[in-house]
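Peer 1:
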Amino acid sequence: MWEQVQETVSFIQSKFSFTPEYGVILGSGLGSFTDDIQIEYSLPYSEIPNFPISTVQGHKGALVFGTIGSKKVVAMQGRFHYYEGYDMKQVTFPVRVMKILGVTKLVVSNASGGVNPSYKIGSIVLIKDHINMMPEHPLRGKNDERFGPRFVNMSEPYSKSMLQKAKEIAASSQIDVKEGVYMALQGPTFETLSEYRMVKNIGADCVGMSTVPEVIVARHMNMEVFGLSVVTDMGDEENIEEVNHAEVLKAAEKAEPSVRKLIKELIIQY
Ligand code: HPA
């Protein structure tokens, strides 16, 4: 894995010299955030050695390099999901590449189903913690100390100071945000009513099929993480809504201007 990451980083650095400080991973329906980046380079995943290829509709599939204000950023336009058939090492490979390219702060976004009754479709949830219910762990296997330690502390997976900054930005921009716990399930089915109830009873506020693997690997490499989730459907029994992928994309796109503003300002100000 170390050699593969080095090969990918060498390839990217042979194309251009650019040291990003921020990594950004964009969720379903949230990809137009790249319009906020002054793009300097864009590399389709298909051209990057060792990169998997994204298969889901609504995920574009390019690594974009550029600036937001004075900050240098690399953004994944489209991420890799476990349910697509990749293993967790593949899903999280780009995060390893980002780190070796120089990234110290990771911003992740996703779409999720809300089970907290105070949420509604379109709610923006700042992720304060997660519950990992994925069936495979990205750090399983022999540990390579060059990436990070065998046993990773997870007491603060999401940076409290980034979260605080995001709350301040939301307040001053009149963007309504919630805070919550995100649970990751493997998908690709949406949850049954009983599964949504389980998610809620276990202590999560929303549920999705991504993010947690990338965050674990980012913490393995000691990156600072900020996560945000857009509630695209409700799994709460009181206000359950029927969910499909088109609805998810529609709801995410509606919340997108606020999400873009939040992430952009966070990167500029933090
Ligand atoms: N469940 C899981 N993943 C999701 C959902 C959901 O309800 N909505 C968007 N992604």
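Heads up, the sequence shown is in this note's numbering, so the first residue is 124 and it goes up one at a time. From the three backbone atoms N, C-alpha and C, an ideal C-beta is built for every residue, glycine too. Nothing here was measured: the structure is a model prediction, and the numbers come from that model.
Quick one: what's got a C-beta closer than 8 Å to residue 211's C-beta in the same chain, skipping five residues either side?
Peer 2: Cβ neighbours of residue 211 beyond the five flanking positions: 205, 257, 259, 260, 261, 263 and 336.
Peer 1: May I have the straight-line CA-CA distance separating residue 196 from residue 209, to the nearest angstrom?
Peer 2: The straight-line gap from Cα to Cα measures roughly 26 Å.
Peer 1: Shortest alpha-carbon distance to residue 352 belongs to which of 249, 289 and 216?
Peer 2: Residue 249 is the option with its Cα nearest to residue 352.
Peer 1: Jot down the residue ranges of each uninterrupted beta strand (DSSP E) in the stretch 284 to 369, minimum 3 residues, whole runs only, in chain order.
Peer 2: As far as the stretch 284 to 369 is concerned, its whole beta strand (DSSP E) runs of at least 3 residues are 300 to 307, 329 to 331 and 347 to 357.
Peer 1: Which same chain residues, not among the five before or five after residue 132, have their C-beta less than 7 Å away from its C-beta?
Peer 2: Same-chain partners within the cutoff: 220, 223 and 224.
Peer 1: Just to confirm my understanding: we take residue 142, look at its own chain, exclude 5 residues before and 5 after, and list those with CB closer than 8 Å. What are they?
Peer 2: Same-chain partners within the cutoff: 195, 224 and 225.
Peer 1: CA-CA distance, residue 187 and residue 198?
Peer 2: About 5 Å.
Peer 1: Per DSSP, what are the beta-bridge partners of residue 386 in this structure?
Peer 2: DSSP, once it has assigned bridges, lists no residue as partnering residue 386.
Peer 1: Taking 8 Å as the cut-off, is the beta-carbon of residue 355 closer than that to any non-hydrogen atom of the ligand HPA?
Peer 2: The answer is yes for residue 355.
Peer 1: Checking 9 Å against the spacing of the C-beta atoms, do residue 253 and residue 280 come in under that value?
Peer 2: Cβ atoms of residue 253 and residue 280: closer than 9 Å.
Peer 1: Taking residue 170 as the reference, give the member of 189, 193, 138 and 239 with the closest Cα.
Peer 2: Comparing Cα-Cα distances from residue 170 to each of 189, 193, 138 and 239, the minimum goes to 138.
Peer 1: Quick one: what does DSSP say residue 138 is sitting in, helix, strand or coil?
Peer 2: In this structure, residue 138 counts as helix in the three-state DSSP scheme.
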